[in-house]
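Below: the structure, in structure tokens.
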Amino acid sequence: MKHWRIDEVGWDRFDRSRIDPEIVAIVQAAAMVERNGTDYGTYLNRVFHDDPAFCAAADNWSVEEVQHGDALGRWAMLADPGWDFDVAFARYRSGYKLPLLAADNSVRGSRSGELIARCMVETGTSSYYSALADAAGEPVLQQICRLIAADEFRHFKLFYDHLRRYLKRERIGLTSRLRIALGRIGESEDDELAYAFYCGNQPDGAAYEHAPNIAGYMSRAMGFYRYRHMERAVGMILKAIGLPPRGRFSRVAAWGAWQLMRSRYRKFRSQIERKNVLF
Ligand SMILES: [Fe+2]
Ligand SMILES: [Fe+2]
Numbered sequence: 226m227k228h229w230r231i232d233e234v235g236w237d238r239f240d241r242s243r244i245d246p247e248i249v250a251i252v253q254a255a256a257m258v259e260r261n262g263t264d265y266g267t268y269l270n271r272v273f274h275d276d277p278a279f280c281a282a283a284d285n286w287s288v289e290e291v292q293h294g295d296a297l298g299r300w301a302m303l304a305d306p307g308w309d310f311d312v313a314f315a316r317y318r319s320g321y322k323l324p325l326l327a328a329d330n331s332v333r334g335s336r337s338g339e340l341i342a343r344c345m346v347e348t349g350t351s352s353y354y355s356a357l358a359d360a361a362g363e364p365v366l367q368q369i370c371r372l373i374a375a376d377e378f379r380h381f382k383l384f385y386d387h388l389r390r391y392l393k394r395e396r397i398g399l400t401s402r403l404r405i406a407l408g409r410i411g412e413s414e415d416d417e418l419a420y421a422f423y424c425g426n427q428p429d430g431a432a433y434e435h436a437p438n439i440a441g442y443m444s445r446a447m448g449f450y451r452y453r454h455m456e457r458a459v460g461m462i463l464k465a466i467g468l469p470p471r472g473r474f475s476r477v478a479a480w481g482a483w484q485l486m487r488s489r490y491r492k493f494r495s496q497i498e499r500k501n502v503l504f
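Shown next as structure tokens:
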């Protein structure tokens, strides 16, 4: 049961004069990662094989993620008519495989751990599409990002509700929850996004290098965040690991996380400027 359909987007309001090329590059990459959601759905079905309620929810979740990819891909083709989403996605699929695709049990060590990791991903995507919606001047992209962000907040709640159920049986401690959460956040700088950025923005046949591609992606994506997006994201992270999402600790954590992100942003930005690469 999707909450919206692609043909409900007001595509006829597309305004070419309001496209920001910095956004097009990261939308192309995000479209591929989102469309790849089916593989993650397969993995979740294996990890939770004897939990039919969760498997049904995971199937529905992956359909929504694929729709995010399709909507973003369609917009990116309007914005950049020379770009073909199907071709770029086929290239992505042939060069990048989810590292956990062969696993029968959660790579996080427990089902609760898996659900904490899922909550981190949904925290990242909900804040990211909120930030992108606020930054996008182009009205169709703005609408798509708002629709996607609403799905991502719902996805967080979905995984969080199942997490609470599993924590009653598995009882993993705060330190483990924190380690899993921070570990998954750190993985956002792995190949999944970097390789998508490469497929979206580098010509076929160009050699893939991780560093310039993750810098190309992050130096744009992180620049769209505002403090309010980080504050909300930190509240969600704390909630998922079992700490109060509001209050003094949350405010201090949000400030620290913001400083960390700004410093990563400056580092990626200077890498791009120093190398004067095409991105
Ligand atoms: Fe998504
Ligand atoms: Fe999601």
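Under my numbering, the first residue of the sequence shown carries the number 226, and numbering increases by one thereafter.
Glycine included, each C-beta is placed from N, C-alpha and C at the ideal position.
ask   = Fully enclosed by the segment 413–498, which alpha helix (DSSP H) runs are 4 residues long or longer?
value = List check, alpha helix (DSSP H) in window: 416–426, 435–446, 452–466.
ask   = Does the Cβ of T350 lie closer than 7 Å to at least one heavy atom of ligand 1?
value = Here residue 350 refers to the residue found at position 125 when the sequence shown is read from its first residue. In this structure, the C-beta of T350 approaches ligand 1 to less than 7 Å from one of its heavy atoms.
query = Along the chain, where does the alpha helix (DSSP H) that runs through L366 open and close?
reply = Walking along the sequence shown from the start, residue 366 turns up at place 141. From DSSP, the alpha helix (DSSP H) with L366 extends over 364–395.
request  = Compare the C-alpha of R271 against each of R336, R241, Q292 and name the closest.
outcome  = In the sequence shown, counting from the first residue as 1, residue 271 sits at position 46. With distances taken between Cα atoms, R271 lies closest to R336.
task = Please look up how many angstroms separate the CB atoms of R333 and A327, rounded, as I've assumed it's under 8 Å.
result = Counting from one through the sequence shown, the residue named residue 333 turns up at place 108. Counting from one through the sequence shown, the residue named residue 327 turns up at place 102. By a beta-carbon distance limit of 8 Å, R333 does not contact A327. Their separation comes to about 15 Å.
Nearest to Y354 (by Cα), restricted to the options M447, D329, P470, M486 = In the sequence shown, residue 354 corresponds to position 129, counting from 1. Nearest option by C-alpha distance: M447.
task = Below 7 Å CB to CB, which residues in the same chain sit around L383 once its five sequence neighbours on both sides are set aside?
result = Within the sequence shown, residue 383 is the residue found at index 158, counting from 1. Cβ within range, chain order: A282, W286.
task = Could you pull out every residue in the same chain whose Cβ sits closer than 6 Å to the Cβ of Q496, ignoring the five residues on either side in sequence?
result = Position 271 of the sequence shown, counted from the first residue, corresponds to residue 496. So the qualifying residues of the chain are A440.
request  = For G430, count neighbouring Cβ atoms within 10 angstroms of its own Cβ and tell me buried if that reaches 16, exposed if not.
outcome  = Taking the sequence shown and counting its residues from 1, the one referred to as residue 430 is at position 205. By the C-beta density criterion, G430 is exposed, having fewer than 16 other C-beta atoms within 10 angstroms.
inquiry  = I believe F493 touches S444 by the beta-carbon criterion, under 8 Å. Please report the beta-carbon distance rounded to the nearest angstrom.
reply    = For this step, residue 493 is matched to residue 268 along the sequence shown. For this step, residue 444 is matched to residue 219 along the sequence shown. About 4 Å separates the beta carbon of F493 from that of S444, a gap short enough to meet the 8 Å contact definition.
task = Could you please give the first and the last residue of the uninterrupted alpha helix (DSSP H) stretch that includes W286?
result = Sequence index remark: in the sequence shown, residue 286 carries index 61 (1-based). Taken as a continuous stretch (DSSP letters only), the alpha helix (DSSP H) holding W286 covers 277–304.
ask   = In terms of alpha-carbon separation, which member of L297, Y452, D284 lies closest to Q367?
value = By one-based count along the sequence shown, residue 367 stands at place 142. Of the listed residues, the one whose Cα sits closest to Q367 is L297.
query = Is it the case that the CB of E290 approaches a heavy atom of ligand 2 more closely than 7 Å?
reply = The residue labelled residue 290 in the question sits at position 65 within the sequence shown. For ligand 2, a non-hydrogen atom lies closer than 7 Å to the CB of E290.
query = For A254, which option in H454, F422, Y450, A479 has the closest C-alpha, if you only look at C-alpha atoms?
reply = Taking the first residue of the sequence shown as position 1, residue 254 is located at position 29. When only C-alpha atoms are compared, the closest one is F422.
request  = Decide if R394 is buried, meaning its Cβ has at least 16 other Cβ atoms within 10 Å, or exposed.
outcome  = In the sequence shown, counting from the first residue as 1, residue 394 sits at position 169. Exposed, by the Cβ-count rule.
request  = Would you identify the three-state DSSP class for L325, choosing helix, strand or coil?
outcome  = If you number the sequence shown from 1, residue 325 lands on position 100. DSSP places L325 in the coil class of the three-state scheme, outside both helix and strand.
request  = Find the nearest neighbour of R389 within the set G467, E498, E456, V291, judged by alpha-carbon distance.
outcome  = Counted from its first residue, the sequence shown places residue 389 at position 164. Put simply, of G467, E498, E456, V291 the residue whose alpha carbon is nearest the alpha carbon of R389 is G467.
query = Roughly how many angstroms lie between the CA atoms of S331 and L407, to the nearest whole one?
reply = As a working mapping, residue 331 is identified with position 106 in the sequence shown. As a working mapping, residue 407 is identified with position 182 in the sequence shown. Each residue's alpha carbon lies about 17 Å from the other.
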